[in-house]
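Heads up, the thing below is written out as C-alpha cells.
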Amino acid sequence: MSILTAILWRLAKAALTLLAIAVLNFFLLHAAPGDPAVVLAGEAGAADEKMIEQLRERFGLDQPFYVQLGKYVGGIVQLDLGYSFRQDAPVSQLILDRLPATLLLTLTAFGISLVCGIALGVAAAARVGKLSDSALTTLALLFYATPLYWLALMAVLVFSVWLGWLPGFGYETVGAGLTGLDRVLDILAHLILPALTLGLFFMAVYMRMTRASMLEVSQLDFVKTAKAKGLSGPAIRRRHILRNAILPVVTLAGLQAGQLVGGAVLTETVFAWPGIGRLMFESLAARDYNTILGVFLVSAAMVILFNIVTDIVYRIVDPRIGATA
Amino acid sequence: MRYLKATTILVAAALAAPAFAQDSGGRLDIVVQPEPPGLMLGLVQNGPTQMVAGDIYESLLRYNTDLEPQPSLAKSWEISDDGLVYTFHLNEGVKWHDGAPFTAADVVFSADVFLRETHARLRASLAYVDTIEAPDANTVVFTLKEPFGPFINAFETGTMPIVPKHIYEGTDFANNPANATPIGTGPFKFDKWEKGSYIHLVKNEDYYVDGLPHLDEVFYRVIPDAAARAVAFETGEVDVLPGGSVENWDIPRLAGMDNVCTTGKGWEFFAPHAWMWLNNREGPTADKRFRQAVMYAMNREFMKDVVWNGYGKVATGPVSSRTNFYSDDVTIYNHDPAKAKALLAEMGYDGTPVRLLPLPYGETWQRWAEAVRQNLTEVGIKVDIDSTDVAGWNEKTANWDYDMAFTYLYQYGDPALGVSRNYTADRIKKGSPWNNVEGYNNPELDAKWANAATLVKPEDRMALYTEIQKEIVDDVAVAWMQELEFPTIYRCNVQDLVTTGIGINDGPRNAWIKK
Amino acid sequence: MTQPALSIENLSIGLPEGADRDFAVQNLSFAIEKGKILCVVGESGSGKSMTANALMGLLPPGVTVKGGKAVFEGQDVLTLPETEKQAMRGERMAMIFQEPMTALNPLMRIGDQIAEVFAAHNRLTAPERRKRALALIQEVGLPDPEKIIRAYPFQLSGGQRQRAMIAMALALEPKLLIADEPTTALDVTTQAQILKLILDLREQHGMAVMFITHDFGVVAEIADQVIVMQEGKMVESGAAQEVLVTPKHPYTQRLLDAIPTGKLPAARALGTVPALEIKSLRKTYRTGGGLFKPVREVHAVDNVSLSVARGEVLGLVGESGSGKSTLGRTAVRLVTPDSGQVLVGGVDIAALSEEELRKERHKVQMVFQDPYASLNPRQKIISAITGGPITRGIPRDKAEARARELLEVVGLGADAANRYPHEFSGGQRQRIGIARALAMDPELIVADEAVSALDVSIQAQVLDLLRDLRSRLDLSILFITHDLRVAAQLCDRIAVMQKGKLVEIGTVHEIFQSPKQAYTRQLLAAVPGADWQRDAVATA
Amino acid sequence: MWKRFRTNIGAMIGVGILLAVILIALCAPLIYPHGPWQMVQRPFLPPMSVDGLPLGTDTLGRNVAAQLAYGAQVSLLVGLVSTIVALLIGVPLGAVAGFYGNWVDEGAMRFTEFFQTIPNFALAIVLVAIFEPSLASITLAIAIVSWPPVARLVRAEVMSVRKREFVDAARLAGLSRPKILMTQVLPNTVSPIIVMASLMVATAILLESSLSFLGLGDPNAMSWGYMIGAARTVIRTSWWLSFFPGIAIVLTVLALNLIGEGLNDALNPHLSRKGRA
C-alpha cells in the first residue's frame, strides 16, 4: 500500500471520526445546563421574555432537538461549522482567525519537545549510568511532574516580570505597526515562553522514551553486528540505534498529540495567546455551542493531522510498514 | 419651562478647551474584559460592548459624576412642567462615520423602531412614552403617557444609543452585515477587530466638537487573564485598567507604582450594588428570621476590607448611597453572631444545608462566597457552595434553582430604573436573572414603588422611597452586601479620562496624554 | 606446523556477581590453523559464545576477561585498546550470528549495510563500495544482486539474510571468521547450502573459521578440528574424525549418544483401528484484505488426508512453512479447517460447535514446543494439570490424585505439584506438559516440535520418556518435527509435507531407505552429517 | 520482586514522599480541626512571620498549611478513584478487544481511537462544565479521558499473552473462553497494569489540579490546583501562595512517578516498550 493510498484511507476514516465527534459532542453540550439565550440576554444587563424569545428564535433553539442536530450535521458535511451568536460571526471565521496562533504554538512546542527530547534522550542514553545521565533523567522527571500552568506562571514571573526579557503574554505587540522581519521577530519573542512551557512536559516525555528506547535497541542483535563490522560507537548510535529507537517515540508523539492540543488550552489561557483553546474555554462559559463544537472538531482534526504526520514519518523511517500492511 | 443652566456653560467650556493647551495625538491602550460579543450597541449592551462602543455611538445626553445631564448629540433640551414633554435640540452638522448626515429622523428611528425591538431595558422606559416625533431635522420631542421621574436618565449612550437609520431601516437588525463594522457619530471610528486580541478605534476627524478627540487612536486590549492584565499594565503595554479588570488584591500594588493614578469615579451612573438573593419561596431562606440571621452572621466590614481590599462601602439597603433617593433610616445589621444564633434558634433551624451560588466573575467573587460560607458556618448554618460557570449561573438564577445567590446590578441613576425591578411582584418572572429573582412579594410596597416612579417632585419621591427602604430592609428581601467600587487605574499622564458618570465608557472622548 | 591463525591460552572469562557460576569460560586453550575450520561444540551455557564474543571484544556488560591471552596476528587481542579492537573487527576478524532475522538492521538497505563495512574502515569511495557490495552479494550466491542491494532485510528469507551477513563478514577478507551457530535457525536444506557456502569460501579465501555449534551433525559436515566444551571448560579436543568416531571424554560420548543417531529402530506391529483420520483437509490463510490491500492467500494445508492408528506414532516432517504445524493444530481444533474432516474416535471434531467441542476436547491433547510459554507462570503445576479434568466434571480430589500419579509417571515426583513453573527447567516443563496432556486420557496426543527447543541431552531424555510412554500406555501420537533424525527415533511412520501438501508417507524404513519423492531425498541429503550417519548405520 | 523494588533508591524516595503525603492527608482533620476555610489571621501573612502559621495565610487570612493538608486529601482521593474508574472502563474493554479480536477488536479500538482523537484536557473541561464541578464529576471526567491508554495497553498485553501456548493448552482443557480470559490471560497482564495505574494516579492529580486552576474545581473541597488558581493574581506580592501548593503537586506526582518506575523495573523490565501504546 503506497503512502498516498494510506493517507487517503486515513483521511476517509478521519472524516467519519470527526462526524462521530460532532454528533457526540452535540449531545454532550446540549445536555449541559445553561441556555445560551439566557446567557446572552443576561450579559446585556437586562432581559425580558421578549428578548429571550427573540434570541432563542435566532439561535434556532426553539426548534426540536433532532432538527437542530440534523441541521448541524448537515452543515458539517458541507464544511459549514455554523454561526456563533455569541460572537456574531461564522464559527469557521472565528476559528480561522485564531487557528494560526494555535498551530504556531502547538507546532513549535511539538517541534521543540520532539527535537530536544530526542537529542537529550540520546545524550542521556550515551552516558547511561553516569552523573550527567542521572542529572538529565532527574530533570526530565521533574518537568514531567510539574503542572504545566504552574510552570507557566513561574516562567512569566521570572522572565517577564523580574527579568523583563520576554513578553509575558499575547501574540504580538499590538499596534506597533511592525512589518516583515520585525513582526516575525516580535511574534517569536512572544512565542518563546508559551511554546517552552507547553513543550517542556512533552520534551520530558519524549526524552525518557528516547532514552529507554535507545538503551533497548542497543541490546539488539544488529547493533552487535554493527560492532562486529568495526563501526565506532557514535557511528553505531547514529546510523543504527537512533533510527530504530525513534520509531516508538514517533508513535508516542502521534498518540500524545491530543494531549498537546489539550495542553494548549491551559497555556493559551495563562499567556493570553489568542488561539482556539482559549476560544473554546471562553465559549464554554457562554454556552456558545457552535463555537465549542467547531473548536472540538478543528482540534480533533489537528490531532488526526498530527497522527497522519507521524504516520508518514513512520512510513518514511520504517520500510516494513508500507510493504507488509 | 425649566432650563438646565449648566448646559451652556459646559458647552462653552468644552469649546474653549484648546485654550488649556491639551496635547493632541497619541494612543491609549485600554483593557477590555471579557471580549465583547459584538460592537453594535443597539443590539448588545453588555459591559464590554458599552465600554468600546461608547466611543463609537452616542446618545442625546451625557451625565457628569453627579448624574446631571450634559449635552451630547443634543446641545440643549427642555422638560415641560408636567413632566410629560421632553424636547431636544440637536447639534448641527453632525455626520455618521460613513459621511451620511445625522438628523432627528435617526433619533426617532432609533428610539421608536430599532431599540423598541432590541433593547430590553430601554423598552421598560419606553412603555411610558406615548409618541416620539421630529418636528424638524434638529429637534426631537418625546411625549409621555404619564410622568416618569427617571426618564431624563434614559438618554445615556448604553441606554439609548442612536443608530443610523439609513443603514438599518427595513433590514433584519440582528443579521445586518453592517453590525460587524459599526457606524456611529462618536469621537472614534471603528477600524479593526482582531478577535481574541484587540479592537482598534481611530480618531473621527469630522467629530462635531472642535478639537475633540485629542487622541489619534484607542486600542481595546483583550487579555483574558487577570494576572496577565496586571502584568500588561506593569510592563507599560496598557495604559488603563478599567474597574474590575484586575483582582482587588493587585490594586494597591499597581496603584503604588510610579506615575500611576487611580480614581473611584466614573461608576456613578451605574452604582453597582451587590447582594445575595435569598430565595423567599422555599427552604430555610423563606423564613424572615433566617434571612435576618444571615445578615447578622456576616461580617460584611471584614469582607469589604479583605475581599474587596477596602474598596466600596457596606450596603445598608436596596438603594446605593451614591445615587438619588438613598435613605439611611433603616435597620443596620452589624456583625452579631449571637443574635444570628438566637434568631436561628427561634425559628428552629434544623441544620438543613443551604446552597450558595457565587457569581462566576473571578477570584474576588469566589473568595467572597467562601467568606460568607465561613461566617454562616460559624453560626451553625450548613452551606454548600454551588459551582458553576456564567451560563450555569444564569440558568440557575433564572429558574430560581438556588437558596442564596450572589449578584450585583447597576442602578442607572434612579431607583425606578435600577432598583424597583428587583423587588416588585410584577417582576417575578422565570427566565431572566435581572428581575425579582428572590420572589419577594409585598403588594403594599409594590404600590409605593409604582407611585414613586410617576411622581414629578423629587421630594415626594424621596418620602416614598424612604418608607420603602425601611420596610424592605426589615424584611431582608435580599442580603445586601456592598456598594461596589471599581477603581480605574491609569497612567497619570492620561488626563481627563474619567469625567462622566459612566467613566471609561465615553472617557476617551475628552482624554489626552500629557507629553 | 605453521603459525596458527589464532591461539588461545588459558582464557578465563568472569561472569557478573549473582550468576549461577563464577566463570563463563575457564582456562581455555586452543589454536586454529590458517585456512582450517575449528568447531566449538557444547550445549547452551557451555561458554562457547562467550569465547567468541571475548575475541571480538563484544562481551556484554559485567562479563570480563579474567585471564589468559588470545594471540591473533602476533597481538593479544584481549588486551588491545578499544580503538584498535574496533579497527580489527570486520577487517581482520569478522563474525556472523545465529539469528539472521535480528542480526541485520531492519531499517537499512542490504547494500548500505555491506558498504558500511568499508566505510567503517575508511576504504574505497562510495561508488566503489557499491561495486564491491554487488560483487560480494554475487559471491555469496544471492540472486539478482541489483535488487538485493536495494532490498531491506524483511524482504529476504532467513537463508538469504545469512548470506548477506556472510557477505558483510567477507567484505574485507578477514583472516578469521567467527560463526556463532549460523545455521541453527535455518531449515535443513538452507542449512546445508550455507554450510557448503562457508566451506567454499574457506577454500577461496583461505581464512580460518571458528564455527560454534551444538550439532555434531554440522561438525561432521565441516569441521577440521573440534573442541567440546562443558560449563566453561574444554573437555575434549582433536581432529574431527577422531572426536566423532572415538570420543574419549564421557561428556562427549554422552553428547554423541544423545544425538538422534538415525539408527532406525525395529519396526513395530501396528493396529489398524484409527485413532485419528484426516480427510481432504484444507486450510487457507488470508492476510490483508480491505479497501486498498490485496488479499494474500497461503494454502497452509492443501487437501491432506492421513490417519494415525491406535498405538501408532506418526511423524509429520517438513520445513518451516510446510503446513505441518497448521495440520497439527487443526487436529486438535485449535484451528478450524476450511474443509475436510478430522475424525477422532469416529467424531468429526472439525464440524463441532464451540459447545460440543468443549466436551470432546479431551480426546486430542497437545504437547507444545516452547517449554517456557506452555505453562501459565501464575498457575501452580497442579492446577495446570487438573484444570482440564475438573472442567470435564471429574471431582477435584480424584483429579489431583491422578495428577500426582502422572507427575510420577513422567519422572518428576508428586511433590512437583505445588510448585510454580519457573522453578523447573525446560526439560522438566516439557514433562509437565506431557503429564498435562495425559491427564485428559486422550485418544491422541499431538506433539508439536515438542523437543526442538531442548538441548541435545535433554532432548534425548524426553524422547526416551515418550518412547517409554508409547509402549506403556499404548499412546497414539502425531509427532511434528523438522528434524528427520528425531522422527526416525520415535516414529512408526513418517509423513513428509511441503508447502501444504503431503509429499510422501510411509514407514520409517521406507522413507529413509527408499524415499520415492525427490523432495524427501533432498531433505534426507540435507541432514547434517548424513554421510557420517550413514556410516554409523552401517556400523551399527 | 519486592527485593528488586527495595533496592531502587528512587522508588524508595517516592514511597517515602507518598507515605508522608498520605499521612498528612489522613491527619489533616486532627491537626486542623476547623478545616481549611477558617479565616485565622490577617491575609497575606508571609511564611514563618506568625507562630502557628509556618506557611503564612492566603487572600482571606486562611492557614496555608491547613489548606495544603486538606488539599492532599482531595488530590489523593481524586487521583486514586479516577484511576480505579478508568481501569474499570479500560481493562474490560481492552481485554475483550484483545482476546476476541476481529470485529470486537475493531469496534473497541475505533471507540478508543475516537476518544483519543478528542484532546483530552478539552474534553475534561467540557465534561466538568456540563456535569458541574464537584468531586464526583471531576473524578468521572478524569476517568473518561484517561481510560484509552489503559485499554490499549491491556489489549496489547492480552494479545501477546493469548498467543502463548498455555492459552492453547487451556482451550484444549475445555475451558470456556471467558474463563480462559479471566483465569489464564488477565492474571498475566496485571504487572503492566499496576505500573500504568501508579503513573495514572500521578497524571490524574495533575489533571485535577489543572481543572481546579481553571476554576473548575469542587468549590467545597480545598485542593492544590485551587490554591494556585486563587493565588495567581497575587503571585508577585505573595509568591508563597502559589509556590507551596505547586511544590506539593510536584513532589506528589514525582513520588508516584518514581514508584511507577520502580514497579516497572521490578515487575517487568520490558514494559516501557510494550506499554507505549
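Those protein sequence lines, which keep their order, are chains A, B, C and D. The UniProt record's numbering puts the first residue of the first sequence at 1, with every later residue one more than the last. The UniProt record's numbering puts the first residue of the second sequence at 1, with every later residue one more than the last. The UniProt record's numbering puts the first residue of the third sequence at 1, with every later residue one more than the last. The UniProt record's numbering puts the first residue of the fourth sequence at 1, with every later residue one more than the last. Glycine is no exception: its CB is placed at the ideal position from the N, C-alpha and C atoms.
Mind pulling the chain D residues with CB within less than 9 Å of residue i?
i, result
"residue 332 of chain C", "168, 171, 172"
Select from the options the residue whose C-alpha is nearest the C-alpha of residue i.
i, options, result
"residue 102 of chain B", "B/317, B/156, B/167", "B/167"
"residue 369 of chain C", "C/429, C/407, C/382", "C/429"
"residue 424 of chain B", "B/477, B/57, B/265, B/463", "B/477"
"residue 591 of chain B", "B/145, B/134, B/428", "What the structure shows of chain B is the stretch from 1 to 515, and residue 591 of chain B is not part of that stretch, so it cannot be assessed."
"residue 59 of chain B", "B/378, B/296, B/152", "B/152"
"residue 366 of chain B", "B/405, B/99, B/342, B/160", "B/405"
"residue 438 of chain B", "B/351, B/450, B/421", "B/421"
"residue 102 of chain D", "D/260, D/4, D/155, D/189", "D/155"
Is the distance from the Cβ of residue i to the Cβ of residue j below 8 Å?
i, j, result
"residue 483 of chain B", "residue 315 of chain B", "yes"
"residue 43 of chain B", "residue 156 of chain B", "no"
"residue 480 of chain B", "residue 317 of chain B", "yes"
"residue 434 of chain C", "residue 451 of chain C", "no"
"residue 30 of chain B", "residue 218 of chain B", "yes"
"residue 225 of chain B", "residue 331 of chain B", "no"
"residue 492 of chain C", "residue 503 of chain C", "no"
"residue 126 of chain A", "residue 237 of chain A", "yes"
"residue 140 of chain C", "residue 197 of chain C", "yes"
For a contact meaning CB atoms closer than 8 Å, what does residue i contact in chain B?
i, result
"residue 282 of chain A", "34, 35, 224"
What does residue i reach in chain D if we use C-beta pairs closer than 8 Å?
i, result
"residue 463 of chain C", "Within chain D, no residue comes near residue 463 of chain C; the closest Cβ sits about 20 Å away, beyond 8 Å."
"residue 289 of chain A", "Chain D residues near residue 289 of chain A: none, gap ~11 Å exceeds 8 Å."
Give me the chain A residues within the contact set of residue i, using Cβ-Cβ distance strictly less than 9 Å, ordered along the chain.
i, result
"residue 89 of chain C", "227, 228, 229, 230, 231"
"residue 246 of chain D", "146, 147, 150, 151, 153, 154"
If the cut is a Cβ gap below 8 Å, which residues of chain A does residue i touch?
i, result
"residue 231 of chain B", "156, 160, 161, 168, 169"
Interface residues of chain D around residue i at Cβ under 7 Å?
i, result
"residue 83 of chain C", "Per Cβ cutoff of 7 Å: no residues; residue 83 of chain C is ~32 Å from chain D at best."
"residue 227 of chain B", "232, 233, 235"
Mind listing the chain C neighbours of residue i? Cutoff is C-beta to C-beta under 9 Å, in chain order.
i, result
"residue 243 of chain A", "105, 107, 108"
Practice prompt. Run through the stretch 149-220 of chain B for me and flag every whole beta strand (DSSP E) of 3 or more residues, listed as ranges in chain order.
Written response: 188-194, 198-203
Fill in: Whole beta strand (DSSP E) elements within the stretch 71-111 of chain A, 3-residue minimum
none
Fill in: Whole alpha helix (DSSP H) elements within the stretch 472-516 of chain C, 4-residue minimum
Whole alpha helix (DSSP H) segments, 4+ residues: 484-490, 508-513.
Fill in: Secondary structure, alpha helix (DSSP H): runs of 4+ residues fully inside the stretch 321-383 of chain C
324-331, 354-360
Worksheet item: In the stretch 217-235 of chain A, which residues sit with their C-beta less than 8 Å from some C-beta in chain C, listed in chain order?
Response: Here the close residues are 220, 221, 222, 224, 225, 226, 227, 228, 229, 230, 231, 232, 235.
Fill in: In chain order, each beta strand (DSSP E) run of at least 3 residues that lies wholly inside the stretch 331-375 of chain B
Unbroken beta strand (DSSP E) stretches of 3 residues or longer found wholly inside the stretch 331-375 of chain B: 354-357, given in chain order.
Worksheet item: When Cβ atoms are compared, which residues of the stretch 254-278 of chain B fall closer than 8 Å to chain D?
Response: none
Worksheet item: Which residues, taken in chain order from the stretch 53-72 of chain D, show a beta carbon closer than 8 Å to some beta carbon of chain A?
Response: So nothing in the stretch comes that close.
Discussion item. If the cut-off is 8 Å on Cβ atoms, which residues from the stretch 358-375 of chain C count as contacting chain D, listed in chain order?
Written reply: 358, 359, 361, 362, 364, 365, 366, 368, 369, 370, 373, 374, 375
Item to complete: Select from the stretch 84-110 of chain A all residues with a C-beta closer than 8 Å to any C-beta belonging to chain B, and list them in chain order.
Response: 86, 87, 88, 89, 94, 97, 98, 101
Item to complete: Please list the segments of the beta strand (DSSP E) lying wholly inside the stretch 189-226 of chain C, counting only runs of 3 or more residues, in order along the chain.
Response: Qualifying beta strand (DSSP E) stretches, in chain order: 208-213.
Item to complete: Using a Cβ-Cβ cut-off of less than 9 Å, list which residues of the stretch 187-220 of chain D approach chain C; keep chain order.
Response: In summary, the residues of the stretch 187-220 of chain D whose CB is separated from some CB of chain C by less than 9 Å are 187, 188, 190, in the order they occur in the chain.
Fill in: Segments assigned alpha helix (DSSP H), at least 4 residues, entirely inside the stretch 11-86 of chain C
48-56
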